[in-house]
Amino acid sequence: MSYEKIKDTIDAIKAKVAAFGELTIEQKKKINYKFRLEWNFNSNSMEGNTLTIEETRSVMVGNLTVNDKPLKDVLEMQGHDQVIAEILRIGKGELRLSEKRIKEIHSGIMHEENPERKNKIGQWKEQANEIINSKGEKYLFVAPEEVPEKIHALLNKTNASIDAINANKKNAPHPIDVAMEFHLDYLDIHPFYDGNGRTARILTNLILISLGYNPFWINEKDRAIYYNYISDIQGYGGSKELFFEYCAGLIERSEQLVLKAIQDIDIEEEDDLQKEISLLKRQLEGEIFTKSPINIYDIFQFINTDVWQPLSIIINQFDDLFSESKTKHLVNRQSEIYPTKSILPIFNPFEKSTKPKEITIFGHEIYENDIYKVEWNHLKYGLKKAKNNTIYEINFSLSFETTSYNLKLSVNHLEIWKTNFAYNEFPHKEEIEKVKKDLGKNIINNIKNDIQ
Numbered sequence: 001m002s003y004e005k006i007k008d009t010i011d012a013i014k015a016k017v018a019a020f021g022e023l024t025i026e027q028k029k030k031i032n033y034k035f036r037l038e039w040n041f042n043s044n045s046m047e048g049n050t051l052t053i054e055e056t057r058s059v060m061v062g063n064l065t066v067n068d069k070p071l072k073d074v075l076e077m078q079g080h081d082q083v084i085a086e087i088l089r090i091g092k093g094e095l096r097l098s099e100k101r102i103k104e105i106h107s108g109i110m111h112e113e114n115p116e117r118k119n120k121i122g123q124w125k126e127q128a129n130e131i132i133n134s135k136g137e138k139y140l141f142v143a144p145e146e147v148p149e150k151i152h153a154l155l156n157k158t159n160a161s162i163d164a165i166n167a168n169k170k171n172a173p174h175p176i177d178v179a180m181e182f183h184l185d186y187l188d189i190h191p192f193y194d195g196n197g198r199t200a201r202i203l204t205n206l207i208l209i210s211l212g213y214n215p216f217w218i219n220e221k222d223r224a225i226y227y228n229y230i231s232d233i234q235g236y237g238g239s240k241e242l243f244f245e246y247c248a249g250l251i252e253r254s255e256q257l258v259l260k261a262i263q264d265i266d267i268e269e270e271d272d273l274q275k276e277i278s279l280l281k282r283q284l285e286g287e288i289f290t291k292s293p294i295n296i297y298d299i300f301q302f303i304n305t306d307v308w309q310p311l312s313i314i315i316n317q318f319d320d321l322f323s324e325s326k327t328k329h330l331v332n333r334q335s336e337i338y339p340t341k342s343i344l345p346i347f348n349p350f351e352k353s354t355k356p357k358e359i360t361i362f363g364h365e366i367y368e369n370d371i372y373k374v375e376w377n378h379l380k381y382g383l384k385k386a387k388n389n390t391i392y393e394i395n396f397s398l399s400f401e402t403t404s405y406n407l408k409l410s411v412n413h414l415e416i417w418k419t420n421f422a423y424n425e426f427p428h429k430e431e432i433e434k435v436k437k438d439l440g441k442n443i444i445n446n447i448k449n450d451i452q
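Reading the sequence shown from the start, the letters are residues 1 to 452 in the UniProt record's numbering.
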């Protein structure tokens, strides 16, 4: 469905909701709680917050002691909830976006223990910021000295559009157009040292709510789509229409949810059940997880996707400086086993296989092997213009103990990262980002030394 048609669908749903008349107090409470929970949990977890859906619920009722989770995560979730609860309470009405309000929102959702970082909260950035997108390419945001002017221009444009809508002017844009344009422009400025994604989503939803629309959130399964659209727009001037269409679909979901609540249809989604099941499996209070085949496999899946792949993006950026590169996978110090197929398979149409599907890590069956170590070994050969070392070895290993697992990263046999976690814990996004930067700097310094 096109973006324009989705907007028409949203407005049609709003008309249906309006036809039911004033919502009851109970319906309002149910809808607001659902919006708060999803918005809090999903927006914060996108930025590396470790609280589960149930722990988010706990913080929303005032509990600040949550399963030994970092205090920063708890306080940022609490602050985020207070900010959006107030936005939902005020609801539709006159809106005037200002620099003061943006800075107040940032101050409300951020928490830092480090004094230097604490002083940056609620202040425009003083250092340039950048991201490495999903394709491993660097994207620089607006320079610090340009932020005040860019924000001022964005607020003038957005407030003028909001005024036109409120005045029912003939040429007024659609409210969703205003919110989406603001979202992309704000992300391109990235005005703060951190927390830009959360503030962008809060401000975008603030615009929607003030103009009579419901907030949207991005579920875990949809995050890659969201980030890919933004990367394409920022890096290649991709289609805004596709991004708007995607986000409009999320707004439509929220409008449908309100319609369901009015019709007394349960608005507890299947996703909520899955989150609860996941919580029971992985976050049982007081439970000590120990080494087992399935725990090993779960940890491997996360580390391979969420740690090694981001590291490999950094590593691959140096490919052009070498003649060739190669990555090997080892399990218990043995090479990866590749699946083989029979050239002439025996086929019996009356025979039904009862053999269970094997679960493997790089070809090694997890129930047939006591897996104690998995390694990603990356080699680069032939450093161009090298006067010293021409071969580089980056080794990343995951080893399993009885009640914990260990991670280690080295470049040319010199360790640059070593840490360990319990089986129900995972590295934070912030830590992974730091390791990526350290890895890149280490390789650069090595290359500089070897070509001098």
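We put the CB at the ideal spot given by N, CA and C, even for glycine.
Look at Lys441 here: in three-state DSSP terms it is helix. Residue state for Val374 is assigned as strand, using DSSP reduced to three classes. Residue environment for Leu71: exposed (fewer than 16 other C-beta atoms within 10 angstroms of its C-beta).
DSSP places Val258 in the uninterrupted alpha helix (DSSP H) bounded by Lys240 to Ile262.
Between the C-alpha atoms of Lys169 and Ile218 there is a straight-line separation of about 32 Å. Within the model, the alpha-carbon separation for Val74 versus Glu38 is close to 16 Å. The three-state secondary structure of Tyr227, taken from DSSP, is helix.
When the alpha-carbon of Leu184 is set against those of Asp163, Ile165 and Gly237, the nearest one is in Gly237.
Taking C-beta atoms under 8 Å as the contact rule, Glu76 and Asn44 qualify, at a distance of about 7 Å. A straight-line Cα-Cα distance of about 46 Å links Thr199 and Tyr367. The beta-bridge partner set that DSSP reports for Thr419 consists of Leu407. Straight-line measurement puts the Cα of Arg253 at about 28 Å from the Cα of Lys429. Three or more Cβ pairs closer than 8 Å define a contact, and the stretch 6-19 meets that threshold against the stretch 249-265.
A direct Cα-to-Cα measurement between Arg201 and Gly212 gives close to 17 Å.
Between Lys408 and Gly440, the alpha-carbon positions lie close to 16 Å from each other.
In this structure the stretch 117-125 touches the stretch 174-194; the number of beta carbon pairs closer than 8 Å is three or more.
Judged by DSSP secondary structure, Asn316 falls within the alpha helix (DSSP H) whose first and last residues are Gln309 to Asn316.
Here His364 carries a strand assignment [DSSP, helix/strand/coil]. With fewer than 16 other beta carbons inside 10 angstroms of its own, Leu140 counts as exposed. By the C-beta density criterion, Val59 is buried, having at least 16 other C-beta atoms within 10 angstroms. Nearest to Thr402 by alpha-carbon distance, out of Lys118, Val307, Phe396 and Asn424, is Asn424.
Where Tyr33 is concerned, the enclosing alpha helix (DSSP H) starts and stops at Ile25 to Ser45. In the structure shown, Ile394 adopts extended strand secondary structure according to DSSP, grouped into three states.
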